[in-house]
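The structure appears below as structure tokens.
Numbering (the working numbering), first residue to last: 77 to 564.
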């Protein structure tokens, strides 16, 4: 039985890898295929009458691990500079307003219809449906432009953080008053202090550990800090995203004295290896979670006619408010409105609702149907080509492409030019002995040798000869990159 289990797990994870690498061409989110694959395996076990133990306790564990790794992986891919502040601000307020509007409206509806739970408990039941799942949104944004990918990563990460904070606020506070608000704000200040101290310590360890096993202890300490702060009901995801942003942009901090002491060039290489390992672990845990979630799905839960109308209304409200908010913030609504999936964090928060605070209207069938519908809408939106948004990187880059090619074609067609750079570039075809001597390695004339360097280095068409060879000599690297996948 052990060998059969190993074979099954390996085959399923290999299918997950195929789904992941083919998602860019098929435009089908790998999460949808993983859920279907897990559900299909469940039907196979029923047909073969195989006895499978209860795997439900594994779901919260894999979900929490996946949430940590996915947010960390996404944060390490982001570039931080002052020009990104407007994008960060828009993504934060988009996540905040979406959270407040959807959870507030849905909570009021649950409170009015249920008639048993308090308004505070109704809000706790509504928050899971207002959270965008970064576990699905971030991987599914690969087909978008660079600016839109950054927006999705920031927005979904902020949504996860705000969702967990609001959920804990409504669940663990018996009374909502000024004291509970002050307690929550204090938690933010504490987690910021923890982030500064922990990040400094982890970066120091990353640069100083010389043992051949160095990344696994760092990952374990990150998870440990997250778990300890979660026990105290602090916004632990804020630590994850801030740590990822800092360590992923360590090259920006290289001019600071403390970072220079840690040999930033070598540290960047270690951070890149660390990011690669995080990416591998993220794929493994995320695929395992959605395979298990699909395996645990019951057909009756998917086809529950009592909740399907509610699920459709909730999904319609989610995408309607998202479209309106995108228009208000002057963001490319046509390209981003469908990137609002519910998934991993929705499941985790739903499973965390205490029995005494749960509403009869919010059950597993409703949660599963909303998750599936939002994933299908995202899949449908990604299948259709989007129009170019004015001001977007794609719209600005494409019209400039033909213009950038024309000078490159025009320069070689000017052999009769009197400029020395053009004449030297045509030296092999020239019959004049003086130009042939200038190209010879033994030439004694420095004036003829120096202008030929831009042509040889390939920068003559841009008119920039100096920056190429001089920049790397100052720091050893022209532009040290600390990301494993610099695609944002």
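We put the CB at the ideal spot given by N, CA and C, even for glycine.
Just so you know, these numbers come straight off a predicted model, no measurement behind them.
Using a Cβ-Cβ cut-off of 8 Å (strictly less than) and excluding sequence neighbours within five positions of residue 456, which residues of its own chain qualify?
414
Which value, in whole angstroms, describes the spacing of the CA atoms of residue 445 and residue 422?
Approximately 12 Å, taken between the alpha carbons.
Quick one: is residue 225 buried, meaning 16 or more other Cβ sit within 10 Å of its Cβ, or exposed?
buried
Out of curiosity, what's the CA-to-CA distance linking residue 368 and residue 331?
The alpha-carbon of residue 368 is positioned some 46 Å away from that of residue 331.
Residue 284, DSSP secondary structure in three states:
If DSSP states are grouped into helix, strand and coil, residue 284 belongs with the helices.
Please confirm if the segment 280–296 is in contact with the segment 111–126, defined as three or more CB-CB distances below 8 Å between the two stretches.
no
By Cβ distance below 7 Å, which residues in the same chain neighbour residue 387 in space, the five residues on each side in sequence not counted?
442, 445, 446 and 449
Taking the CB atoms as reference points, tell me whether residue 321 and residue 170 lie closer together than 8 Å.
no
Assigned secondary structure, residue 433 (DSSP; H/G/I helix, E/B strand, else coil)
Of the three classes helix, strand and coil, the one that applies to residue 433 here is helix, per DSSP.
Helix, strand or coil at residue 222 according to DSSP, with G and I counted as helix
helix
Looking at the structure shown, is residue 322 part of a helix, part of a strand, or coil, going by DSSP?
helix
Closest by CA to residue 128, which one among 236, 175 and 372?
Comparing Cα-Cα distances from residue 128 to each of 236, 175 and 372, the minimum goes to 372.
Can you name, in chain order, every residue of its own chain whose Cβ lies under 8 Å from the Cβ of residue 147, other than the five neighbours on each side?
210, 233, 236, 313, 316, 317 and 320
With a threshold of 8 Å, are at least 3 pairs of Cβ atoms found where one atom belongs to the segment 194–207 and the other to the segment 253–271?
no
Which value, in whole angstroms, describes the spacing of the CA atoms of residue 124 and residue 241?
44 Å
So, is residue 308 buried or exposed, given that buried needs 16 or more other C-beta atoms within 10 angstroms?
Counting Cβ neighbours within 10 Å, residue 308 comes out exposed, since fewer than 16 surround it.
Assuming contact is defined by CB atoms lying nearer than 8 Å, are residue 363 and residue 453 in contact in what I supplied?
No, Cβ-Cβ distance for residue 363 and residue 453 is not below 8 Å.
When you compare only the Cα positions, how much space is there between residue 297 and residue 267?
Cα-Cα distance, rounded: 15 Å.
Have a look at residue 333 and residue 339 and give me their C-alpha separation to the nearest angstrom.
10 Å
Inter-residue spacing [alpha-carbon to alpha-carbon] between residue 182 and residue 202:
6 Å
Compute the distance between the beta-carbons of residue 263 and residue 220, then report whether it is under 8 Å.
For residue 263 and residue 220, no; Cβs fall outside 8 Å.
Measuring alpha carbon to alpha carbon, tell me which residue in 131, 130, 132 and 87 is nearest residue 110.
87
If we ignore side chains and look at the alpha-carbon of each, how far apart do residue 324 and residue 93 end up?
25 Å
Considering only the beta carbon of each residue, do residue 218 and residue 100 sit closer than 8 Å?
yes
Sort 191, 248, 277 and 427 by Cα distance to residue 294 and report the nearest one.
277
Quick check on this structure: which residue in 292, 271 and 280 has the alpha carbon closest to the alpha carbon of residue 304?
271
Using DSSP with H/G/I as helix, E/B as strand and the rest coil, what is residue 260?
helix
By alpha-carbon positions, which one of 290, 222, 214 and 396 ends up nearest to residue 346?
290
How big is the Cα-Cα spacing for residue 178 and residue 81?
Going from the Cα of residue 178 to the Cα of residue 81 covers about 42 Å.
In the structure shown, what three-state DSSP assignment does residue 309 receive?
Look at residue 309 here: in three-state DSSP terms it is coil, with no helix or strand label.
Would residue 578 and residue 142 qualify as a contact pair, given that the criterion is a beta-carbon distance under 8 Å?
In the structure as shown, the chain begins at 77 and stops at 564. Residue 578 is therefore absent and cannot be evaluated.
Could you tell me how far apart the beta carbons of residue 114 and residue 426 are, in whole angstroms, since I believe they sit closer than 8 Å?
Contact flag wrong, Cβ pair sits at about 18 Å.
For residue 167, three-class secondary structure by DSSP:
helix
Buried/exposed call for residue 133, threshold 16 Cβ in 10 Å
exposed
My understanding is that residue 361 touches residue 145, with C-beta atoms under 8 Å, so please give their C-beta distance in whole angstroms.
6 Å
According to DSSP, is residue 332 helix, strand or coil?
coil
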